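Report on one structure; see the data block that follows.
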Amino acid sequence: MVFPVHIDMYTTDAGYHNRATTQPRYSPISSRALTSELFLPTHHQLGPYNWLEFKYAIETILRVKGLPLAHLRHSECPRVHATDEDALAQWAADDELCKAIVVLNVRSDHVRFAELEHEHWTAAEVWDALVQRDLELRTRIKDKWEWLWRVYTGLVGVACAMLYLMVRLLWELYVGPLSRV
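This is the structure we're talking about:
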């Protein structure tokens, strides 16, 4: 039996590294937040059918942490703070924290971030991808219900036609001979 070779990963405080270039793909998150504070209860984590609950829970976490909800709407620092270097650095750090909160609370059976190249995405871009995923899912569900409705109405139409033919056949079978007498 061959065991896989142990690959020494780079230190976690330096951010995730691209193995080909050994350069960090994104900056590390520097936050005083406890890891347990970043996770929602399982029933609030994003799955296929709980977008509104997830959205409300994420916005609540951001408010409690004192992070502006603008991180979910804007990819760049607002123009008011765009020239202040400290504000830009704080925006980048807060954006990474917002992105971590969002990504950590998406169930992997719903969206697989490992398959997406999201390392350079901002929190707003991750959020937009989740909104788009929810819209696609809702559209598919709506399309399925419309298809089921068409099938149902078609079957009801066939059943009505069969009932009409059966009543007509029975009428001719039992009443028809009496009317000829």
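Per this note's numbering, the sequence shown starts with residue 1, numbered consecutively. Yeah, the Cβ is synthetic: ideal placement off N, Cα and C, and Gly gets one too. These numbers were taken from a predicted model, which means no experiment stands behind them.
- As computed with DSSP, Val106 is found in a beta bridge with Leu46.
- Secondary structure at Phe39: coil, using DSSP grouped into helix, strand and coil.
- Around Ile101, the same chain offers Leu38 and Ile61 as residues with beta carbons nearer than 6 Å, after the five sequence neighbours per side are excluded.
- Annotation for Arg63: the continuous alpha helix (DSSP H) segment containing it runs Trp51 to Lys65.
- Note on geometry: alpha-carbon atoms of Ala123 and Asp95 lie some 6 Å from one another.
- In this structure the stretch 133 to 142 does not lie against the stretch 159 to 171, because fewer than three pairs of beta carbons, one per stretch, are closer than 8 Å.
- Here the alpha carbons of Leu155 and Leu148 stand approximately 10 Å from one another.
- Nearest to Cys77 by alpha-carbon distance, out of Lys65, Val126, Leu173 and Ala93, is Ala93.
- Rounded to the nearest angstrom, the gap between the Cα atoms of Asp128 and Leu40 is 20 Å.
- Contact between Leu69 and Val106 does not hold, since the beta-carbon distance rounds to 18 Å and is not under 8 Å.
- If you draw a straight line from the Cα of Ile141 to the Cα of Tyr56, it comes to about 22 Å.
- Counting the other CB atoms within 10 Å of its CB gives Leu72 a total of 16 or more, which places it among the buried residues.
- Here the alpha carbons of Arg150 and Glu85 stand approximately 59 Å from one another.
- The Cβ neighbour count for Val167, taken over all protein chains shown within 10 Å, is under 16; the residue is labelled exposed.
- Nearest to Val126 by C-alpha distance, out of His74, His44, Trp91 and Tyr164, is His74.
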